[in-house]
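First comes the structure, then the notes that go with it.
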Amino acid sequence: MIKIIHVSDIHIGSGFSHGRLNPETGINTRFEDFVSSLKLCIDRAISEPVDLVLFGGDAFPDATPAPYIKEAFASQLRRLADAEIPTVLLVGNHDQYSQGHGGDSLGIYRTLGVHGVVVGDSIETHNIQTANGAVQIITLPWLTGSGLMTKSETEGQSMGKVNELLIEKLRLILEAKIRQLDPEIPTVLLGHLMADRASLGAERFLAVGKGFNIPVSLLNRSCFDYVALGHVHKHQNLNPSNNPPIIYPGSIERVDFSEEKEEKGFVLIELEKGEAKWEFCSLPVRNLKTIKVNVSQAENPQAELLKAISKTSIEDAVVRLIYQLRSEQLDLIDNGVLHQALSVAHTYTIQPELVSQLAKPRLPELSTGNSIDPLKALKTYLDSREDIQDIQEEMLEAATKLLAGEINLSEENSDSQLNLFSK
Ligand SMILES: [Mn+2]
């Protein structure tokens, strides 16, 4: 039996806007959060110990992170190398430089010949000897159209057609790899991809160049004992029959608020030919909390806000308070008190939203009949607005002309329109 840790979507260096500077280190606290999550994965790999670590791609926010970010990743990888645990680093979309045309952030580990590290930047089968036997890993990095097809093949084709051709091409390539597998040896497909049955998280917004979706049927093959995926940040198993398991472990930290309610972690696998037992291991990540409250109808909006804050456990969490109010309530809010109430949070933002004046209740005279004559409606509205009584006649006159098509708003008349309405 071969023990494997499958971890993905590390994204160290993301979400700095949710952190603050640690006064002791001068470094963003969200960087430290992500590093400590990664460290816990590696701790587990070493303490088990596992025979192999599979990384499903997306190490950083992009292919050229700051040196201290690269170093944090490298020093955790170093721990695996020192413990002689082989590691496969798959290239995700965020690892590619310029859509794969300028290399990627992980290739350096192959160039340096780091012991036990395999970089998966192409569709390839890697035979890896672990302490508990051999395993075959087919790497399927993030694919872009230009990586699989030539320009002449795609020229003049619709997006849908290009995707179809790409899937067909991929199917053929995979088929060839499958035919060359040793049927006696446990096999894992390791892919960074968007499967067509995956439910989405932040990766939807993070992706710059949209790739194509890969049908689950392409992955659901009996020759694979486990399908290890990366890209989607929400942990899930795409195969209800679990044979083979087709697993996204998800990201190791909450990259943004869309992942607020998701558990985070990695997957521990016991692999044999024909069987993979797996278990999701959750990580103690920082909470993200949205407090959303509409106080536009409240007599005492400040009290309502404080009540909403006190009902939420915000200690050490990244908090966003979003509340709706009317403009005339603005004076009833004491921001100093809100800041005080939120101060136990790790970081927080306060986002007041003014309720649109248009959303006011309708005038009762206008809420009955099915069809209202627009001029009558305007007259009723103007009657209700004492503050603009002096221009009532002119507005009605202008409206009559507009409805009759006598005024062309787009041309030279626009000056006179402005005069009329700015009185
Ligand atoms: Mn990705």
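Just so you know, we're using the numbering used here here: the sequence shown kicks off at -5 and counts up by one.
Idealized CB from N, CA, C, for every residue including glycine.
Exclusion of the five residues before and after ILE21 leaves LEU15, TYR62 as the residues of its chain whose Cβ lies within less than 8 Å of its Cβ. Of all C-beta pairs linking the segment -1 to 11 to the segment 257 to 267, three or more are shorter than 8 Å, placing the two stretches in contact. HIS229 has its Cβ no nearer than 7 Å to any heavy atom of ligand 1. Rounded to whole angstroms, the separation of the alpha carbons of SER276 and ASP328 is 40 Å. The C-alpha of GLN130 is placed about 51 Å away from the C-alpha of ILE344.
Residue range 329 to 336 is occupied by the alpha helix (DSSP H) that includes HIS333. Looking at the backbone, the Cα of ALA53 and that of GLN323 are separated by about 46 Å. Here THR181 is buried, its C-beta having at least 16 other C-beta atoms within 10 Å.
Near ligand 1, meaning a beta-carbon closer than 5 Å to one of its heavy atoms, we find ASP52, GLY86, ASN87, HIS225. With respect to the 8 Å criterion, LEU84 and PRO43 are not classified as neighbours on the basis of their beta carbons. Per the DSSP secondary-structure output, ARG314 pairs in a beta bridge with THR284, THR343. Here GLY101 carries a helix assignment [DSSP, helix/strand/coil].
Remark: three or more beta-carbon pairs, one from each stretch, lie closer than 8 Å, so the segment 101 to 116 and the segment 60 to 74 are flagged as touching. Within the segment 92 to 169, the complete beta strand (DSSP E) segments of 3 residues or longer fall at 111 to 114, 118 to 124, 127 to 134, listed in chain order. In this structure, DSSP gives LYS171 a helical state, which the three-state scheme calls helix.
Counting only runs of 4+ residues, the alpha helix (DSSP H) found wholly inside the segment 11 to 44 occupies 23 to 41, in chain order. Here DSSP, grouped into helix, strand and coil, assigns GLU65 to helix. At a Cβ-Cβ threshold of 8 Å, ASP115 and ALA57 do not count as neighbours. Contact between the segment 213 to 224 and the segment 262 to 274 is present: 3 or more CB-CB pairs across the two stretches fall below 8 Å. Going by DSSP, ALA398 is part of no alpha helix (DSSP H) at all; its letter is neither H nor E.
The DSSP-derived three-state label of VAL221 is strand. Across the structure, LYS155 and LEU299 are spaced so that their CA atoms are roughly 52 Å apart.
With contacts defined by Cβ atoms closer than 8 Å, ALA311 and LYS286 do not form a contacting pair. Assignment of THR306 by DSSP, reduced to helix, strand and coil, places it in the coil class. For PHE251, the three-state secondary structure derived from DSSP is helix.
Check the Cα spacing between MET188 and each of GLU178, GLU293, TYR242, GLU247: the tightest is with TYR242. In the DSSP secondary-structure assignment, PHE49 is bridged to VAL1, LEU83. In this structure SER321 is in contact with LEU348, their Cβ atoms being roughly 5 Å apart against a cut-off of 8 Å. Shown here for SER350: not one same chain residue has a beta carbon closer than 8 Å to its own, the five before and five after excluded. Residue environment: LYS301 is assigned as exposed (fewer than 16 neighbouring CB atoms within 10 Å of its CB, all protein chains considered).
Secondary structure of GLN230 (DSSP, three-state): strand. Taking C-beta separations shorter than 6 Å and ignoring five residues to either side along the sequence, the partners of ASN157 in its chain run PHE206, following chain order. Looking at the DSSP output, LYS271 shares a beta bridge with GLU264. Between LEU160 and GLY139 a beta carbon distance of about 6 Å is seen, short of the 8 Å cut, so the two are scored as contacting.
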